[in-house]
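Enquirer: At position 7 of the sequence shown the residue is numbered 7 (my numbering), and the sequence of numbers has no breaks.
After the structure tokens below, expect a handful of questions from me.
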Amino acid sequence: MEEPKKRNFDDGNDKDIVYSQAIKAGKRIYYLDVKRSKKNELFLAITESKKIVSGEGENAQYSFEKHKIFLYKEDFEKFSDALKDVLGYIYQRQAPVTNEGTGLEGEEAKNDTSLGDEIKIDIDF
Numbered sequence: 001m002e003e004p005k006k007r008n009f010d011d012g013n014d015k016d017i018v019y020s021q022a023i024k025a026g027k028r029i030y031y032l033d034v035k036r037s038k039k040n041e042l043f044l045a046i047t048e049s050k051k052i053v054s055g056e057g058e059n060a061q062y063s064f065e066k067h068k069i070f071l072y073k074e075d076f077e078k079f080s081d082a083l084k085d086v087l088g089y090i091y092q093r094q095a096p097v098t099n100e101g102t103g104l105e106g107e108e109a110k111n112d113t114s115l116g117d118e119i120k121i122d123i124d125f
């Protein structure tokens, strides 16, 4: 996975963001932004941004489709537990065809234990 990038807050649009990480994943970028509410409480804003290309060549126009969710401190534990649960469900039941980046395919990918079964999600404030 690519190294997370820090966002630039100098343009004034994101003045309420106190910390941020970006995760580049193919055509999408996921932003994990820690923001401060008007009551001075921290919360997590998760944004999925997908680049949309219309037209071709020199006439191509680009736009971004964005979806956001806001997660508040009182819900972190429930959200984290549920996310671990559903990710575990997927990892246990998804038959891997390949292990991306390892060069393993088919049976080799199924027998590869380098990824492990443990899921770790750590969100601290």
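Beta carbons: idealized from backbone N, C-alpha and C, even for Gly.
Is Phe43 closer than 8 Å to Tyr62 when the C-beta atoms are compared?
Expert: Residue numbering aside, residue 62 sits at position 62 when the sequence shown is read from its first letter. Residue numbering aside, residue 43 sits at position 43 when the sequence shown is read from its first letter. It is not a contact, given that the beta carbons lie outside the stated cut-off.
Enquirer: Would you kindly check if the distance between the Cβ of Val18 and the Cβ of Lys38 is under 8 Å?
Expert: On the sequence shown, residue 38 is found 38 positions in, with the first residue counted as 1. On the sequence shown, residue 18 is found 18 positions in, with the first residue counted as 1. Contact flag unset, no.
Enquirer: Could you please give the first and the last residue of the uninterrupted beta strand (DSSP E) stretch that includes Gln94?
Expert: Counting from 1 along the sequence shown, the entry for residue 94 is found at position 94. Where Gln94 is concerned, there is no enclosing beta strand (DSSP E), given that its DSSP letter is neither H nor E.
Enquirer: Take Ala45 as the anchor and find which of Val86, Glu58, Lys66, Phe70 has the nearest alpha-carbon.
Expert: Along the sequence shown, read from residue 1 onward, the residue named residue 45 stands at position 45. If we check each option's Cα against that of Ala45, Phe70 comes out closest.
Enquirer: Work out the CA separation of Phe76 and Lys66 for me, nearest whole Å.
Expert: As a first step, residue 66 must be located in the sequence shown, where it is residue number 66. As a first step, residue 76 must be located in the sequence shown, where it is residue number 76. The alpha-carbon atoms of Lys66 and Phe76 are separated by roughly 22 Å.
Enquirer: Where do the N-terminal and C-terminal ends of the beta strand (DSSP E) with Ala25 fall, by residue?
Expert: As a first step, residue 25 is located in the sequence shown; it is residue number 25 there, counting from the start. First-last of the beta strand (DSSP E) with Ala25: 17-25.
Enquirer: Which residue from Lys51, Ala60, Tyr89 puts its Cα closest to that of Lys27?
Expert: As a position in the sequence shown, residue 27 is number 27, starting the count at 1. When only C-alpha atoms are compared, the closest one is Lys51.
Enquirer: Mind checking Asp85: buried by the 16 CB within 10 Å criterion, or exposed?
Expert: Walking along the sequence shown from the start, residue 85 turns up at place 85. Asp85 counts as exposed, since fewer than 16 other C-beta atoms from the protein chains shown sit within 10 angstroms of its C-beta.
Enquirer: Do you know how far the Cα of Glu56 is from the Cα of Ser49?
Expert: Your numbering for residue 49 matches position 49 in the sequence shown. Your numbering for residue 56 matches position 56 in the sequence shown. Distance between the alpha carbons of Ser49 and Glu56 is about 21 Å.
Enquirer: Does DSSP classify Lys39 as helix, strand or coil?
Expert: Reading the sequence shown from its first residue, position 39 is the one you call residue 39. Here Lys39 sits in coil by DSSP.
Enquirer: Check Thr113 in the structure and name its three-state DSSP category.
Expert: Taking the sequence shown and counting its residues from 1, the one referred to as residue 113 is at position 113. The pLDDT assigned to Thr113 is 47, lower than 50, so where the model puts this residue is not dependable, and the model offers no usable value.
Enquirer: Taking only the alpha-carbon atoms, compute the straight-line gap between Ser54 and Ala60 and give it to the nearest angstrom.
Expert: Mapped onto the sequence shown, residue 54 falls at position 54. Mapped onto the sequence shown, residue 60 falls at position 60. Spanning the two alpha carbons is a distance of roughly 6 Å.
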